[in-house]
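S.K.:
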Ligand code: SAM
Ligand code: SF4
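Residue numbers (my numbering): 32 to 361.
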């Protein structure tokens, strides 16, 4: 079992498959990608498979593929097939976070490859707001992607919405209605200072409390996760027994660092021990140096011991990491 120096068990690894994206969400990648790093700096699928096998042997139970937009890796089914083979070794959950654009055509092939479930980003139910927030006019396609994921059985489906002041806070209760109608787990996320435009401002953050209040006015909620464990969201069900679930992820106003069980692996093979880390650890260089399995394991243990106690967003001297969300793997 991997444990950091604060005795937090590390069970959850997020693997970024690419820094590239076909959307331009203003809170993430508003101006598009800077020049793409040379392909040889990126981990190959064989390398990802190799290191994930080691991570699972060390106690990682959840693997989430992300990015950038992970479905831009055209042969993503190949890496899913490889990773799904780790299930008998202790992998309990193989998931994907996607903007949903490619799901209408590909949800079934992801399921067939061995993916358990998907999280789909959806920031507005209104066409014009969706376009303004994501830079692309494809709301219908993403909604069709949610349907396709349901049909393929990639469940339970989670829907992520980043709530930003002046953009979509008036839709919070509509999203709750969507969760009820579609029987999905709606996750509301506070806007974090991880946008590549560096335009984040505290006034733009819609707090978890405000989100809860806006939903409760229309749909009374009952808390379901009294013992939150390592879950990053506080979770609620509807008091009237309707299907669907609400989760509120409030890293800015209600930090949950004490229960964090996550680490991240960037597309170019750097371990990040916190979303807000200002240092990275090159697992890629260690693997490519010809290190033995035992040496790689020792390296991973030493990196985990450096996991930060908490993020410092609310401290006066906070410095946002130089790599932003789409390069870290959200
Ligand atoms: N492209 C995929 C997608 O959008 O689902 C996967 C990668 S994206 C970086 C993962 C999640 O991070 C998305 O749900 C996105 O909304 C969220 N995200 C990106 N930038 C964020 C920010 N500045 N604050 C909070 N969440 C953010
Ligand atoms: Fe792309 Fe996802 Fe970032 Fe939007 S949130 S720009 S879809 S990586």
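Where a beta carbon is used, it is the ideal one built from N, C-alpha and C, also for glycine.
1) For residue 217, list the residues DSSP reports as bridge partners.
2) My guess is that residue 114 and residue 80 are in contact by the Cβ rule of under 8 Å, so how many angstroms apart are they, rounded?
3) Hey, how far is the Cα of residue 106 from the Cα of residue 94?
4) When you compare the CB positions of residue 218 and residue 199, do they come within less than 8 Å of one another, or not?
5) Classify residue 46 as helix, strand or coil using the three-state DSSP reduction.
6) The beta strand (DSSP E) that contains residue 126, what's its start and end?
7) Give every residue of the same chain whose Cβ lies closer than 8 Å to the Cβ of residue 160, excluding the five residues on either side of it in the sequence, and list them in chain order.
8) Taking 8 Å as the limit between beta carbons, can you name the residues of its chain near residue 138, skipping five residues before and five after?
9) Any chance the CB of residue 55 is under 7 Å from a heavy atom of the ligand GDP?
10) Answer yes or no: do residue 51 and residue 295 have a C-beta to C-beta separation smaller than 8 Å?
11) Please state the DSSP three-state secondary structure of residue 79.
12) Per DSSP, which residues does residue 139 bridge with? Please list them.
13) Using DSSP bridges, identify the partner residues of residue 97.
14) Where does residue 119 fall in DSSP's three states?
15) Here's the rule I'm using: 16 or more other beta-carbon atoms within 10 Å means buried, otherwise exposed. How should residue 20 be labelled?
16) Between 251, 236, 292 and 213, which lies nearest to residue 305 when the distance is taken from Cα to Cα?
17) DSSP three-state call for residue 362: helix, strand or coil?
18) Hey, would you say residue 264 sits closer than 8 Å to residue 62, going by beta carbons?
19) For residue 209, which three-state DSSP category applies?
20) When the Cα of residue 297 is compared with those of 340, 58, 314 and 286, which residue comes out closest?
21) When we look at the beta-carbon of residue 142 and count the other beta-carbons within 10 Å, is it buried (16 or more) or exposed?
22) Where does the unbroken alpha helix (DSSP H) through residue 318 begin, and where does it stop?
23) Based on the DSSP secondary-structure assignment, which residues constitute the bridge partners of residue 252?
24) Please say whether residue 112 and residue 88 have beta carbons closer to each other than 8 Å?
25) Between the alpha carbons of residue 11 and residue 56, how many angstroms are there, rounded?
26) Three-state secondary structure (DSSP) at residue 151?
27) Per DSSP, which residues does residue 296 bridge with? Please list them.
28) Starting from residue 158 and walking both ways along the alpha helix (DSSP H), at which residues does that stretch end?
29) Cα-Cα, which of 98, 83 and 162 is closest to residue 120?
30) Can residue 146 and residue 127 be called in contact, C-beta distance under 8 Å?
31) Tell me which residues share the same chain as residue 284 and place their Cβ nearer than 8 Å to its Cβ, disregarding the 5 neighbours each side in the sequence.
M.R.: Taking the structure as given:
1) Note: residue 217 is bridge-paired with 190 and 277 in the DSSP secondary-structure output.
2) Your pair residue 114 and residue 80 checks out as a contact, with CB atoms roughly 7 Å apart and the cut at 8 Å.
3) Going from the Cα of residue 106 to the Cα of residue 94 covers about 18 Å.
4) Result no, Cβ atoms of residue 218 and residue 199 do not sit closer than 8 Å.
5) Of the three classes helix, strand and coil, the one that applies to residue 46 here is strand, per DSSP.
6) Run containing residue 126: 124-129, per the beta strand (DSSP E) assignment.
7) Scanning its chain for C-beta atoms nearer than 8 Å, with the 5 sequence neighbours on each side dropped, one finds around residue 160 the residues 154, 198, 199 and 202, in chain order.
8) Listed in chain order, the non-local C-beta contacts of residue 138 below 8 Å within the same chain comprise 149, 176, 179, 180, 182, 183 and 185, local neighbours out to five positions each way being set aside.
9) Here the bound small molecules are the ligand SAM and the ligand SF4; the ligand GDP is not part of this structure.
10) No, the pair does not count as a contact, with Cβ atoms beyond the cut-off.
11) Residue 79 falls in the helix class under three-state DSSP.
12) Within the DSSP secondary-structure output, residue 139 pairs in no beta bridge.
13) Answer is 47.
14) If DSSP states are grouped into helix, strand and coil, residue 119 belongs with the helices.
15) The chain is shown only over 32 to 361; residue 20 falls outside these bounds and no answer can be derived.
16) Answer by Cα proximity: 292.
17) Any question about residue 362 goes unanswered here, given that the chain covers just 32 to 361.
18) The answer is no: Cβ separation not under 8 Å.
19) If DSSP states are grouped into helix, strand and coil, residue 209 belongs with the helices.
20) Among 340, 58, 314 and 286, the Cα nearest to that of residue 297 belongs to 314.
21) Classification for residue 142: buried.
22) 314-319 is the span of the alpha helix (DSSP H), which, as asked, contains residue 318.
23) Paired residue(s): 269.
24) No.
25) Outside the displayed range of the chain (32 to 361) lies residue 11, so it cannot be described from this structure.
26) Per DSSP, reduced to three states, the secondary structure at residue 151 is strand.
27) Beta-bridge partners assigned by DSSP to residue 296: 46 and 302.
28) Segment 158-165, the alpha helix (DSSP H) holding residue 158.
29) Proximity to residue 120 across 98, 83 and 162 peaks at 83, based on C-alpha coordinates.
30) Yes, the pair counts as a contact, with Cβ atoms nearer than the cut-off.
31) Excluding positions up to five away in sequence, the list reads 221, 236, 238, 239 and 240.
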